[in-house]
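Chain order of the listed sequences is A and B. Just so we're aligned: the first sequence equals residues 1 to 229 in my numbering. Just so we're aligned: the second sequence equals residues 1 to 229 in my numbering. Data first, discussion second: the structure below is written as structure tokens.
2 protein chains.
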Amino acid sequence: MASTIKAKSATADDIAAQLSDAVHQHRLKPGAKLREDEVSEVFGVSRTVVRQALRAMAFEGLLTIEKNRGAFVAKPTLREAHEVFQARALLEPSTAHAAAERTTPADIALLEQHIKEEHEALDRDQPGLALKLSGDFHLEIARIADQQTIEQFLKQLVSRSSLVIALYWKRRNALCESNAHHALVDALRNQDGRAAEDLMKGHLLDIYSQLDLREYDEGSTSLKEALRK
Amino acid sequence: MASTIKAKSATADDIAAQLSDAVHQHRLKPGAKLREDEVSEVFGVSRTVVRQALRAMAFEGLLTIEKNRGAFVAKPTLREAHEVFQARALLEPSTAHAAAERTTPADIALLEQHIKEEHEALDRDQPGLALKLSGDFHLEIARIADQQTIEQFLKQLVSRSSLVIALYWKRRNALCESNAHHALVDALRNQDGRAAEDLMKGHLLDIYSQLDLREYDEGSTSLKEALRK
DNA sequence: TAGGCAATAATTGTATACAATACTAGGCGG
DNA sequence: CCGCCTAGTATTGTATACAATTATTGCCTA
């Protein structure tokens with residue numbers, strides 16, 4: 001985890017993964033432009049590969065590509081924000097239910113490790129990292145449920161949620177959701193599908209209810225700076 | 001609708017749309033290879049643009065791209081087949097419910113036109129076209145519900161459903177679902193959300209229950225032939 | 001004859017060169 | 001002083017050339 005940039009020939013997936021991480025952790029903020037030249041220089045590959053990565057990210061909703069203008073970190077509208085959480089509300093509760101019925105002790109250990117890292121990130125004053133880990137927690141549940149298709153959709157939704165939070169979160173500092181995650185792990189450990197489903201529903205409503213109309217304060221972000229983990 | 005191929009400079013989206021159509025209508029069958037050279041020749045553009053189109057389709061699950069080997073029409077496993085319909089079961093009923101509460105007379109007219117065209121396609125012995133129209137019907141309901149995010153997911157799921165049907169459908173000829181679509185339109189016309197939700201649930205279960213384990217009979221498909229509408 | 005190896009052909013992956021478009025700055029006229 | 005137009009610059013879009021990989025064919029040997 002030392003160097004962000006691989007010595008030679010990063011693949012399109014690598015680039016997309018690292019850029020996605022930067023977006024998830026809010027090192028690249030909504031509206032930030034990603035110039036192909038700049039990215040290709042940073043990763044030491046040609047624009048051809050960079051364009052593949054950028055298009056893949058655009059497909060996931062992380063970027064918006066405007067013809068002849070370039071790729072920008074997406075700025076979900078308020079409408080999209082609502083839609084994202086409505087979709088999550090449809091998918092995640094029943095997925096949590098299914099997960100509860102398949103959870104193994106190894107899964108529990110993994111989830112608890114996840115929560116622990118999340119807390120450590122908060123303690124170290126890395127809210128971006130904590131947010132990313134929080135999102136991964138939700139993906140992990142889909143993985144436990146053994147639903148690859150839904151997990152794939154959820155990956156997109158969690159990504160967009162990160163953008164939504166960057167734009168519309170009321171209180172920047174307080175991530176009061178760790179308790180919800182703990183409770184979920186308990187339900188999974190007890191293989192209590194009904195409880196997991198309800199907890200997830202409530203958890204999503206919690207987050208959703210904390211969204212706000214406040215307008216985003218534009219600020220330029222340096223790409224190289226953002227990639228410097 | 002005369003010529004499939006635009007005279008000059010088809011865009012990547014055009015190519016993806018036409019190829020997707022061919023897949024939806026089973027003119028390109030699961031497993032068929034799409035060589036970049038061939039596609040670029042057919043559409044009169046360079047491989048650069050073709051690759052964009054192919055990658056976009058791969059992202060939707062219509063194609064599988066194997067490194068250094070090429071792009072093939074996807075062959076969903078039985079597991080994926082189940083997952084696709086499980087995901088649809090989560091998304092579509094509540095979407096139909098929402099749609100019922102927003103349906104306008106214009107929407108009803110559009111849906112009825114849709115069903116009519118589907119019947120005509122069947123009468124003209126174009127089951128592929130009928131299947132595509134049937135899929136579009138479901139997407140139209142998501143559009144009426146005014147849920148763009150879910151509509152986007154559903155687009156992928158309907159696409160994959162087409163592949164699943166190509167591989168795992170029990171009886172090739174019988175598309176006995178037109179009644180279900182009629183009933184859905186009735187529920188929408190009456191703005192009866194509950195009925196629409198239940199009908200959609202039953203409709204999806206109907207389709208799902210007709211899936212089969214039968215293995216697919218490999219057959220080569222000419223690209224140029226398939227694109228000849 | 002069957003199996004494996006080698007050379008060749010075919011195809012995809014990547015980089016680069018060029019074209020088209022959008023942005024920026026400076027000058028000109030009002 | 002402001003606005004518009006124009007020329008130049010910067011950036012993205014597309015095509016092409018080359019490299020790397022895979023598939024195929026024919027030959028040789030057991």
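Don't be surprised by glycine CBs; every beta carbon is placed ideally from N, CA and C. Just so we're clear, the structure is a prediction, and the values are computed from it rather than from any experiment.
Counting only beta-carbon atoms, is residue 84/A nearer than 8 Å to chain B?
Closer than 8 Å: yes.
How many angstroms separate the CA atom of residue 44/A from the CA atom of residue 26/A?
Residue 44/A and residue 26/A: Cα-Cα distance of roughly 23 Å.
Would you say the stretch 89-106 of chain A touches the stretch 37-55 of chain A, given that touching needs at least three Cβ pairs under 8 Å?
No: the two stretches stay apart, fewer than three of their Cβ pairs being nearer than 8 Å.
Along the beta strand (DSSP E) that carries residue 71/A, what are the first and last residues, could you check?
Residues 70-73.
For residue 183/A, tell me which candidate among 169/A, 73/A, 171/A, 201/A has the shortest Cα-Cα distance.
The shortest Cα separation from residue 183/A among 169/A, 73/A, 171/A, 201/A belongs to 201/A.
Are the stretch 150-169 of chain B and the stretch 21-35 of chain B touching, with three or more C-beta to C-beta distances below 8 Å?
Enough Cβ pairs lie closer than 8 Å, so yes.
Verify the CB distance criterion: does residue 144/A have a CB-CB separation below 8 Å to chain B?
It does not: the Cβ of residue 144/A has no partner Cβ on chain B nearer than 8 Å.
For residue 74/A, would you say it is in contact with chain B, using Cβ-to-Cβ distances shorter than 8 Å as the test?
Not closer than 8 Å to any Cβ of chain B, the Cβ of residue 74/A fails to qualify, so no.
Relative to the alpha-carbon of residue 92/B, which residue among 171/B, 121/B, 198/B has its alpha-carbon at the smallest distance?
Among 171/B, 121/B, 198/B, the Cα nearest to that of residue 92/B belongs to 198/B.
Could you pull out every residue in the same chain whose Cβ sits closer than 7 Å to the Cβ of residue 187/A, ignoring the five residues on either side in sequence?
Excluding the 5 residues flanking it on each side, residue 187/A has same chain C-beta neighbours closer than 7 Å at 100, 195, 196, 199, in chain order.
Work out the CA separation of residue 143/B and residue 42/B for me, nearest whole Å.
Within the model, the alpha-carbon separation for residue 42/B versus residue 143/B is close to 33 Å.
Please give the ranges of any beta strand (DSSP E) in the stretch 40-67 of chain B, keeping only runs that are unbroken, at least 3 residues long and fully inside the region.
Scanning the stretch 40-67 of chain B from its first residue to its last, the whole beta strand (DSSP E) runs of 3-plus residues come out as 63-66.
With DSSP collapsed to three states, give me the class of residue 170/A.
It is coil, neither helix nor strand.
Going by Cα to Cα distance, which pick from 35/B, 114/B, 137/B, 51/B is closest to residue 11/B?
Considering only alpha carbons, the answer is 51/B.
Between the Cα of residue 35/A and those of 120/A, 90/A, 66/A, spot the shortest distance and give me the residue it belongs to.
66/A is the residue among 120/A, 90/A, 66/A whose C-alpha sits nearest the C-alpha of residue 35/A.
Identify which residue in 23/A, 48/A, 82/A, 96/A has its Cα closest to the Cα of residue 60/A.
Comparing Cα positions, the closest option is 23/A.
Between which two residues does the alpha helix (DSSP H) containing residue 132/A stretch?
Under the DSSP assignment, residue 132/A falls in the alpha helix (DSSP H) whose first and last residues are 127-144.
If you reduce the DSSP assignment to three classes, tell me which class residue 3/A lands in.
Reliability fails at residue 3/A, whose pLDDT of 32 lies under 50, so the model's placement of it is uncertain and no value is given.
Could you round the C-beta distance between residue 157/B and residue 84/B to whole angstroms and report it? I think they count as a contact, below 8 Å.
So it is a contact: roughly 6 Å between Cβ atoms.
Kindly indicate if chain A contains any beta-carbon less than 8 Å away from that of residue 150/B.
Judged by the 8 Å Cβ criterion, residue 150/B is in contact with chain A.
Between the Cα of residue 138/A and those of 49/A, 120/A, 150/A, spot the shortest distance and give me the residue it belongs to.
Of the candidates 49/A, 120/A, 150/A, the one whose C-alpha sits nearest the C-alpha of residue 138/A is 150/A.
Are the C-beta atoms of residue 90/B and some chain A residue less than 8 Å apart?
Interface residue, yes.
Determine the burial state of residue 160/B: buried for a count of at least 16 other Cβ atoms within 10 Å of its Cβ, exposed for fewer.
Answer is buried; the Cβ neighbour count reaches 16.
Nearest chain A C-beta to residue 25/B closer than 8 Å, yes or no?
Closer than 8 Å: no.
So that I know if they touch, is there some Cβ in chain B lying closer than 8 Å to that of residue 80/A?
Yes, residue 80/A lies at the interface with chain B (some Cβ there is under 8 Å from its Cβ).
With the cut-off set at 8 Å, would you say residue 119/B and residue 140/B are in Cβ contact?
Not in contact: residue 119/B and residue 140/B (Cβ atoms no closer than 8 Å).
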